Ligand SMILES: Cc1ncc(COP(=O)(O)O)c(C=O)c1O
Ligand SMILES: Cc1ncc(COP(=O)(O)O)c(C=O)c1O
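Protein chains in written order, with our numbering: chain A, 1478 to 1615; chain B, 1478 to 1615; chain C, 34 to 428; chain D, 34 to 428.
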């Protein structure tokens, strides 16, 4: 599939890094890319289940475009959220729904993480996509 | 410890045989050495427990000497009984009680057999010795 | 194939090992041994909920076993246990204790292994449940007429797929269809069939299926229970501890909702990795053709033994296992087994954990030759040759 | 010593493995790996009641584990299980269900591992038994005053010897003496102590003691329950199946009278052989001196971490384990563990299967460094060095 130029650039950047530490650092840095959903707004409906740590997302559609707010107590998890933000926040719903979690595999970001963390990413991705579909369906 | 000349001869004979098959054959042949306790006289009191197969012994003291009758549905087990018969049948009680099961280890007869069979031999030996002691104690 | 199994190089009392005790346990190919070795030498760690690389590798290794089981047997739920016995006890405790009560009936057969009898006897005693045993007939098959009349009011049927004594394969499709008609669940003891057949759990239609790795080229200490989603939902936790919980507080606990709910404590990690390789190995051979080949050898052996005056207990139909149980008319089986061992032949004697079946046959044990895929017809021929020699010399 | 452990040659992300997750599971020396290898390549067979050479060797190998356990821990009865968790569940089912009833009380502590909580919660629910939890105090020790007042009317005390989170070693002698006075039995969860101390079962005076092989250089899938003769006599069979019976008929069964009564099914043969070697390995080192050495390293580490502003949960008394649990005041533990893994450091994070303890400490998890005898002080120093680097870069 084809990605937005921003996402493509990110994928390339990731691929170039060999050192795990540096890749983690990059994910950490991406934590700043989220539209922060502050802890006081975390609730059972925003919670991503199956994550080791607290991870919360809120999805909306504004002007036919995806609006994603998110936050986590782990900076790494929030970094993953940042990546997802770059991938779909502000894009048209139809476009966003084309995305599969493969992009994260392609980036090599998932095998930087422990299996439970990559499952967490998968759960977050699924929750976000499900909610976009739902809103669109309403 | 010192063994009767008959037992010593047997131990030497056994030691000389390398082939397991031949050793088993020798044990088979020794099955004829028992004073047969015929199956119709087998009972719970004569049974050696912990043996895989039916194995029965009856011990008595006649003129201060051990009288051992035995029989089994396995010829190998009865062969072991034959060896014990050669070792203690007709010997004085005091002499018989000196015997330890080591002689069978020394003969190499036990490691010819499976562990459960050699446990069976051990149980038989213990039962016979216990009963001799008991009769003597009475 | 034989060169893949290191133990087949072994000499016993100076003679090449001829391993004919496969219904008790099978030998392991080098790939299985090496996989476990490799795990311990390179990836050993505790699984689940951990971040470091080794823990990730161990978790993937452990879970790969579940994936392999699901693929090979076509099932949605595969609970990893320590073997067939624990798998059946798991059904008795997790499903039986929660779903059966006073006055209910369970159907067993006289052909069951002790592992599929004793757990039910215990449950029957505790809960006042009736056990009904389907008799074995003269022709060594189950009395299906009596089964049909016994099913009335039964909640569970526990049946062995292939008898470990007779090799007889039971008509599971027929049993399932009768049981279904009466709303009874079916537990299949597949300890002897999973190693010899391709079984499709969903299409065979049973609710529970139990088997062991060690009888299918895998390691000791591991087995599985396959369960339908419906039956899974009816199961209550069995053993409590780490890994099977979601949350624990001093006021109570909540449990996992997937198979881990029944896998308390540190799991059998190395064993799961070894079993995965064994399943791979089985997938790499043509098991239908191989089964046909060894069954032919078993038939040949059975006929030879009959001709030598032995009583053979088995029929060797196309789906039966390559198992030949027999008795010499007078000679003690263990004596024979000792003599066979003297020349490297490994066979089993005794009650094979199936005393009710032997009671029915009015014997106390058999001498059993059981073949697996690495056995050759030459081995079986040499068995017959040497066995005749023994009879000439000792009978 | 390190060269005996093949995995310690491993590189993680290009850096040498520094394995600091020993409370979760320990690594295996080559002798253990080789013994299992050798079993599968040369002696694999099913155990008990068999005649052939391989079966004899397998039986001896399996039983040698029991002998080694009896010698090392000075006990008359050693039941082989799949691990600590199954051992505790065995007590709950085999002893608890038979000897406890409506209104009885069991004492647990807030320091217990889930494996020593959940089985009792299940039993409590089934039989209407009261569970009393001994609180953990500010100084991370058990509130012995509350224990003394809670013991009244209790039939069983379940206590962890060494906490897997805190490393704190509990005063078992005192607990046993109070329990004895009130006629309560004691179950010791020795999962973390058996690997680190020489324990004399008879003189420590508990009735049951549970532990796992994998935490003491042995394989996965095996553990043990030690039992006094008295308690053994009070135990009813737990799982039913092969090997644990004496006779089976359709009218009922009789059971073995020794440990096999509780070892249903084909046992963990290769695992037992591996564990025997692990016990030999432990006997070959000076475990008192080694423990002292790694405890010193743990103390040093705890102090360094405190100086770096971490909250450390532990006191590191002489009999405590070389375990250092801590939290960064703001940084997420799993993030830290990921960063540590990037340079080969394997540590554990999470609730360590001890949620009630964490509830008491008002935290949800810790980052845990746990040492074993093959760890060096240099490894601990390099941990501190790299950890400071992480903090500088990311905190
Ligand atoms: C204190 C304690 N008890 C029980 C267990 C459970 O041991 P296993 O998972 O080997 O059954 C562990 C290990 O995780 C432990 O540390
Ligand atoms: C038919 C059958 N059921 C159950 C079992 C028990 O298997 P395991 O001992 O591996 O638990 C066996 C093997 O002995 C068997 O042959």
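Beta carbons: idealized from backbone N, C-alpha and C, even for Gly. Just so it is clear, the structure is predicted and the values come from calculations on it, not from any experiment.
Does the distance from the CB of residue i to the CB of residue j come in under 8 angstroms?
| i | j | result |
| --- | --- | --- |
| residue 40/D | residue 50/D | yes |
| residue 184/C | residue 162/C | no |
| residue 429/C | residue 97/C | Look at the range of chain C in this structure, 34 to 428, and you will see that residue 429/C is not part of it. |
| residue 297/D | residue 319/D | no |
| residue 374/D | residue 384/C | no |
| residue 244/D | residue 223/D | yes |
| residue 152/D | residue 195/D | no |
| residue 1563/B | residue 1487/B | yes |
| residue 345/C | residue 403/C | no |
| residue 253/C | residue 302/D | yes |
| residue 1501/A | residue 258/D | no |
| residue 1601/B | residue 1574/B | no |
| residue 1560/A | residue 1543/A | no |
| residue 1511/B | residue 1597/B | no |
| residue 234/C | residue 108/C | yes |
| residue 360/C | residue 306/C | no |
| residue 281/C | residue 225/D | no |
| residue 354/C | residue 116/C | no |
Consult DSSP for residue i and reduce its assignment to one of helix, strand or coil.
| i | result |
| --- | --- |
| residue 1544/A | strand |
| residue 185/D | coil |
| residue 145/C | coil |
| residue 1492/B | helix |
| residue 173/D | coil |
| residue 1524/A | strand |
| residue 359/D | strand |
| residue 444/D | For residue 444/D there is no data in the structure shown, the boundaries of chain D being 34 and 428. |
| residue 1533/A | strand |
| residue 345/D | strand |
| residue 365/D | coil |
| residue 1559/B | helix |
| residue 296/D | coil |
| residue 134/D | coil |
| residue 283/D | coil |
| residue 413/D | helix |
| residue 1487/B | helix |
| residue 1538/A | strand |
| residue 288/C | strand |
| residue 426/C | helix |
| residue 378/D | strand |
| residue 335/C | helix |
| residue 35/C | helix |
Short of 7 angstroms Cβ to Cβ, which residues in the stretch 346-377 of chain D face chain A?
365, 367, 368, 371, 372, 375 and 376
Give, in chain order, every residue of the stretch 40-63 of chain D whose Cβ lies closer than 7 angstroms to some Cβ of chain A.
46
Start-end ranges of the beta strand (DSSP E) lying completely within the stretch 41-117 of chain C, minimum 3 residues
110-114
Interface residues of the stretch 1492-1512 of chain A facing chain D [CB-CB below 7 angstroms]
1497, 1498, 1501 and 1505
With contact counted as at least three CB pairs below 8 angstroms, one residue from each stretch, are the stretch 325-340 of chain D and the stretch 407-417 of chain D in contact?
yes
Stretch pair the stretch 120-128 of chain C + the stretch 240-252 of chain D: three plus CB contacts closer than 8 angstroms:
no
Counting Cβ pairs closer than 8 angstroms, one from the stretch 1519-1529 of chain B and one from the stretch 1578-1590 of chain B, do we hit at least three?
no
Using a Cβ-Cβ cut-off of less than 7 angstroms, list which residues of the stretch 1545-1564 of chain B approach chain C; keep chain order.
1550, 1551, 1552 and 1553
At a CB distance below 8 angstroms, what residues from the stretch 283-313 of chain C approach chain D? Give them in sequence order.
283, 285, 286, 297, 298, 299, 300, 301, 302, 303 and 304
Going along the chain, which unbroken runs of the beta strand (DSSP E) with 3 or more residues stay wholly within the stretch 183-261 of chain D?
187-193, 218-222, 241-245 and 256-260
For the stretch 1566-1588 of chain B, list every residue whose C-beta sits within 9 angstroms of some C-beta in chain C, in sequence order.
none
Give me the subset of the stretch 410-427 of chain C whose CB atoms are less than 8 angstroms from a CB atom of chain B, sorted by chain position.
426 and 427
By the 7 angstroms beta-carbon criterion, what residues does the stretch 74-86 of chain D contribute toward chain C?
74, 75, 77, 78, 79, 82, 83, 84, 85 and 86
Name, going along the chain, the residues of the stretch 166-200 of chain C whose beta-carbon falls closer than 8 angstroms to a beta-carbon of chain D.
166
Quick one: which residues of the stretch 270-281 of chain D get their C-beta closer than 9 angstroms to a C-beta of chain C? List them in chain order.
270, 271, 272, 273, 274, 275, 276, 277, 278, 280 and 281
Please list the residues of the stretch 86-120 of chain D that have a C-beta atom closer than 8 angstroms to any C-beta atom in chain C, keeping them in chain order.
86, 87, 88, 115, 116, 117, 118 and 119
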